[in-house]
Amino acid sequence: MTAAETAVETIQREMTIFARRARASAGRMHPELSLVSYTLLGHLEECGGCRATDLAAHYALDKSTVSRQVAALERAGLIERRLDAEDHRVQVLHLTEAGQEILAQVTRSRGGGRPGGGARRGRCPTTRTHNPKKNNT
């Protein structure tokens with residue numbers, strides 16, 4: 255095995271270990287939230303809301319994966335869809351009060367910082383407002 259192959263194998267093994275620990279840690283933070291759910295809620299809090307397509311692009315996830323996660327979070331009452339103030343054809347995902355409370359509980363249990371890493375609140379760079387005069391695909 256070459257040095258490059260050994261390095262790739264080591265990286266893959268360490269990433270697997272990290273992913274397992276992250277999932278276990280997420281389960282301890284809040285038993286009702288998966289790591290993906292917690293991550294999406296944290297992103298919505300950090301950004302003050304965004305489109306599902308922006309979540310998919312930001313995390314390099316398939317749109318169907320995000321759609322399933324969003325549907326589950328909506329059913330749980332943790333997020334809601336609102337029409338974009340600038341373009342009523344666009345739906346923006348926002349945390350509900352229950353979603354904000356769960357994130358606050360997790361943050362308290364972790365002993366501090368915001369789920370989004372303390373970043374600013376407001377529109378995230380991945381969020382693009384639809385402009386009918388431009389081709390925003």
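280 is the number that our numbering gives to position 26 of the sequence shown; each next residue is one higher, with no gaps.
The C-beta atom is built at its ideal place from N, Cα and C for all residues, glycine as well.
- For Val-320, there is no enclosing beta strand (DSSP E); the enclosing alpha helix (DSSP H) covers residues 317-329.
- Within the model, the alpha-carbon separation for Asp-338 versus Gln-345 is close to 6 Å.
- Assignment of Leu-287 by DSSP, reduced to helix, strand and coil, places it in the coil class.
- For Arg-336, the CB contacts under 6 Å within the same chain, skipping 5 residues up- and downstream, are Val-346, His-348 in chain order.
- Out of Gly-296, Arg-277, Ile-265, the CA that lies nearest to the CA of Leu-289 is found in Arg-277.
- In the three-state reduction of the DSSP assignment, Val-346 falls in the strand class, which pools E and B.
- At a Cβ-Cβ threshold of 7 Å, Thr-350 and Leu-332 count as neighbours.
- Boundaries for Leu-332: no alpha helix (DSSP H) harbours it, and the DSSP string shows neither H nor E there.
- For Ala-310, the enclosing alpha helix (DSSP H) stretches over residues 306-313.
- Arg-329 counts as exposed, since fewer than 16 other C-beta atoms from the protein chains shown sit within 10 angstroms of its C-beta.
- The beta carbons of Leu-357 and Glu-299 sit closer together than 7 Å.
- Within 10 angstroms of the beta-carbon of Val-320 lie 16 or more other beta-carbons, which makes it buried.
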